[in-house]
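Protein chains in written order, with the working numbering: chain A, 3 to 302; chain B, 9 to 379.
For every residue, glycine included, the Cβ atom is placed at its ideal position computed from N, Cα and C.
Step one of this worksheet: look at the structure below.
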Amino acid sequence: MAEAELVSRAAKRKRAFWRTLMYVAIAAFFLWTTLPLLIMVLSSLKELRDAFQIPDIGDWAGAFEKMFNFTPTLRHYHNLFVEEHFLTYIVNSIVAAGSASVISVAFGALAAYGLARGKIKGEQHLSFWILSTRMAPVVAVMVPLYSIFTGLGLLEALRGRNLVGLILAYTTFDLPFAVWFMRSFFEDIPVEVEEAAKVDGCSNIQAFYKVILPLAMPGIVAALILCLVFSWNDFIFASVFGQQGAKTLPVATAELHSTVAIQWGGIMAAGTILITPMLFLGLLVKKYLVQGMTMGAVRQ
Amino acid sequence: MAKVTLNNVWKRYGKVEAVLDLSLDCKDKEFFSLLGPSGCGKSSTLRMIAGLEEISQGEILIGDHVVNEVEPKDRDIAMVFETYALYPHKKVFANMAFPLRVGKQKYSDAEIKKRVEKAAEILEITDFLDRYPKQLSGGQRQRVAIGRAIVREPQVFLLDEPISHLDAKLRTHMRGELKLLQRTLGTTMIYVTHDQMEAMSMADRIAIMNFGVLQQVGTPFEIFNRPVNQFVAGFVGDPPMNFIDCDLDVTGEKWQLVNESFRISLPSDLIDRYKENNGDPSSKPKEVVLGVRPENFIVSGKKGGEDNFPADVIVTEPLGEEMIVDIEIPNNKLKLKVSVDHDIKMGDKIWLDVMKNKMHLFNRETEKAYF
Chain A
3 MAEAELVSRA
13 AKRKRAFWRT
23 LMYVAIAAFF
33 LWTTLPLLIM
43 VLSSLKELRD
53 AFQIPDIGDW
63 AGAFEKMFNF
73 TPTLRHYHNL
83 FVEEHFLTYI
93 VNSIVAAGSA
103 SVISVAFGAL
113 AAYGLARGKI
123 KGEQHLSFWI
133 LSTRMAPVVA
143 VMVPLYSIFT
153 GLGLLEALRG
163 RNLVGLILAY
173 TTFDLPFAVW
183 FMRSFFEDIP
193 VEVEEAAKVD
203 GCSNIQAFYK
213 VILPLAMPGI
223 VAALILCLVF
233 SWNDFIFASV
243 FGQQGAKTLP
253 VATAELHSTV
263 AIQWGGIMAA
273 GTILITPMLF
283 LGLLVKKYLV
293 QGMTMGAVRQ
Chain B
9 MAKVTLNNVW
19 KRYGKVEAVL
29 DLSLDCKDKE
39 FFSLLGPSGC
49 GKSSTLRMIA
59 GLEEISQGEI
69 LIGDHVVNEV
79 EPKDRDIAMV
89 FETYALYPHK
99 KVFANMAFPL
109 RVGKQKYSDA
119 EIKKRVEKAA
129 EILEITDFLD
139 RYPKQLSGGQ
149 RQRVAIGRAI
159 VREPQVFLLD
169 EPISHLDAKL
179 RTHMRGELKL
189 LQRTLGTTMI
199 YVTHDQMEAM
209 SMADRIAIMN
219 FGVLQQVGTP
229 FEIFNRPVNQ
239 FVAGFVGDPP
249 MNFIDCDLDV
259 TGEKWQLVNE
269 SFRISLPSDL
279 IDRYKENNGD
289 PSSKPKEVVL
299 GVRPENFIVS
309 GKKGGEDNFP
319 ADVIVTEPLG
329 EEMIVDIEIP
339 NNKLKLKVSV
349 DHDIKMGDKI
359 WLDVMKNKMH
369 LFNRETEKAY
379 F
């Protein structure tokens, strides 16, 4: 009896040790991810002299005080919208990322459904080819893509604020991702459900949008959000293809760090503007994101 | 008219021939069963009738119309799937109303409500109309699937092993329910199953298939009592028929089945039946297979007449009113089904007679039945 008690106490201590270690790891990860964001948001509201207050080494209380004790200012945000015309770049980002995501998911859903259900010869090769377009580094396709866009006159159009070229560019990497991502969700919907719809009176198209689409919605929403995030955060495509009239938020933010001056306050404010919509979107639809990403894991 | 006719239908999946030269004739208002082991082609046949699989060769008619190129939605059929295939995002009412909302014929909301409620009443699922499929048990989901099929009042019902996933007790109950339902609705029903008890108890006629080939079509009585080959004889009946290799020894008018264990004389009516179907045999002993169902042995504790033979009891399996007895004779293990009134214990020696009017004889090479 005493021995059993000793074993139980040892087991409890072991569990407590590992639980503590887990909490420490989670806390460290939490600080690692949120601290930079916190510094950025706070710095966007500080005058430069407050933002550059550096505490002495080891002075933790001083660090805390210097971080949170300041007079807030909206000067940097004012500067961005009035002098740097950031509203235009925000609109450009919304239109380009939004349009590319919607186009990619709309066509991607149809393609993913076709790959999941269609008895296509060489379907495995086709699927791999679609996936492989995401494997190459983006910089490798920059030059040929730029050449194609110039040939099609899309860069000229971009100079006149036409975002078509940028939307197309975003779609080149959003669409294969959307196809690859959504395919497994369509595969997970039992074929019999679709067959039942066809026997019940649906044509192929009706079966797709009355039965398949509602069932695949978590996956579709997850794909839409991820495409939106990728496109919104993109820098490379926007910096190469986004000329004067089609500049997006990440590119405009980078230009605040010029050879003439580094507008730290503006950069912090721009960064805050950049991540805020994605944060809210993620919180709003996290239910769909988790469900969408794990739906394919377990066959029901 | 809602008869279903298959004329020389083939189904190929690449090089694999799943259904070979199948011709069937299901009559109007008939409960017709497609029976066979897994992979015999019965589900492929049903799916071709439904239009969910393309027909590789041949033609299928529903009524008098060839439906080879007709979409499933235009064939006026309803199907109940093995996995029920309910729409998980719709409640039970919406599941059952779905065919009425998307079909060619438009129904008013009032008509839809009336039909769904009527079907729900027949199937005793009125209390579940407001639930989602995931909130129902297997048996309840199965009834919803049937309800979704009957609301449309189609020409033909197609059922693909609809009760195979239910527990044994519920399966037994549903056999009677489905048979009664078919009689009540008076609609042609084609029922696919691998369970011979389901087919035997419910169907008007049964088509048995094996490896894509039709073996026999007939009433349950014909299939059970007049099997055309060893496969049909062994597939139907529980426990299955016993097969014993022996020789047909014909000496003048005396015909006997002979092996190491017994010498059984054939009565004149069986001799006549043999001659009628197969002509006169030669005088050389013919290799045959004797088929006797477990319930067609007569058991006694002591040696009886000329055809009597001994056997050793290995295992007894009491089942309440009856008992399955596993016995051993030289080179064979057999199963008997006898009343529990017989005082038989493991290790006993018993004496057996075969009910001659219930014997079956098969060609050992072709497995075809002589009688």
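Legend entry - Extent of the continuous beta strand (DSSP E) to which SER213 of chain B belongs: Reading off the sequence, residue 213 of chain B comes out as Arg, not Ser. Per DSSP, ARG213 of chain B belongs to the beta strand (DSSP E) from 213-218.
Legend entry - Supposed close pair VAL152 of chain B, LEU94 of chain B - CB separation, criterion 8 Å: 6 Å
Inset, instruction - Pair every Cβ in the segment 42-61 of chain B with every Cβ in the segment 197-207 of chain A, then say whether three or more of these pairs are closer than 8 Å. - result: yes
Inset, instruction - Examine chain A for any beta-carbon lying closer than 8 Å to the beta-carbon of LEU60 of chain B, and answer yes or no. - result: yes
Legend entry - Top-ranked residue by Cα proximity to THR374 of chain B, from B:PHE165, B:LYS114, B:VAL236, B:ASP349: B:VAL236
Inset, instruction - With 8 Å as the threshold, decide whether the Cβ of GLN126 of chain A is near any Cβ in chain B. - result: no
Inset, instruction - Check whether the Cβ of THR201 of chain B lies closer than 8 Å to any Cβ atom in chain A. - result: no
Inset, instruction - Just the chain A side, please: which residues come within less than 9 Å of HIS97 of chain B by C-beta, in chain order? - result: VAL213, PRO216, LEU217, MET219
Legend entry - Inter-residue spacing [alpha-carbon to alpha-carbon] between LEU322 of chain A and ALA65 of chain A: Absent from the model: residue 322 of chain A. The displayed extent of chain A is 3 to 302, so no value can be given.
Inset, instruction - Please compile the residues from chain A whose C-beta is within a distance smaller than 8 Å of the C-beta of GLY111 of chain B. - result: ASP202, GLY203
Legend entry - THR174 of chain A - containing beta strand (DSSP E), residue span: That residue, THR174 of chain A, is in no beta strand (DSSP E); its alpha helix (DSSP H) goes 166-190.
Legend entry - is_contact[THR91 of chain B, chain A] using C-beta, thresh 8 Å: yes
Inset, instruction - Check the Cβ of PHE106 of chain B against every Cβ in chain A and list those closer than 7 Å, keeping chain order. - result: ASP202
Legend entry - Short-range partners of chain B found in the segment 167-199 of chain A, where Cβ spacing is below 8 Å: PRO192, GLU194, VAL195, GLU197, ALA198, ALA199
Legend entry - Those residues which DSSP pairs with ASP320 of chain B across a bridge: B:GLU336, B:LYS357
Inset, instruction - Determine the burial state of GLN150 of chain B: buried for a count of at least 16 other Cβ atoms within 10 Å of its Cβ, exposed for fewer. - result: buried
Inset, instruction - Would you mind stating whether LYS98 of chain B and PHE106 of chain B have Cβ atoms separated by less than 8 Å? - result: yes
Legend entry - Min CB distance LYS121 of chain A to chain B below 8 Å: no
Legend entry - Secondary structure of HIS127 of chain A, DSSP reduced to three states: helix
Legend entry - Whole-angstrom distance between ASN94 of chain A and LEU82 of chain A, CA atom to CA atom: 15 Å
Legend entry - Pairwise C-alpha distance: VAL140 of chain A and PRO146 of chain A: 11 Å
Inset, instruction - Evaluate PRO178 of chain A with the Cβ neighbour count: other Cβ atoms within 10 Å of its Cβ, from every protein chain shown; 16 or more gives buried, anything less gives exposed. - result: buried
Legend entry - Between the CA atoms of GLU38 of chain B and ILE105 of chain A - distance to the nearest angstrom: 52 Å
Inset, instruction - Using the Cα positions of LEU281 of chain A and ARG185 of chain A, report the straight-line distance between them to the nearest angstrom. - result: 26 Å
Legend entry - CB of ILE133 of chain B within 8 Å of CB of VAL100 of chain B, strictly: yes
Inset, instruction - Taking C-beta pairs closer than 8 Å, name the residues in chain A that LYS81 of chain B reaches, listed in chain order. - result: LYS200, VAL201, ASP202, GLY203, CYS204, SER205
Legend entry - Beta-carbon neighbours of GLN208 of chain A, restricted to chain B and to distances below 8 Å: VAL110
Inset, instruction - Kindly provide the ranges of any alpha helix (DSSP H) runs that are 4 or more residues long and lie completely inside the segment 141-217 of chain B, ordered along the chain. - result: 146-158, 176-193, 204-210
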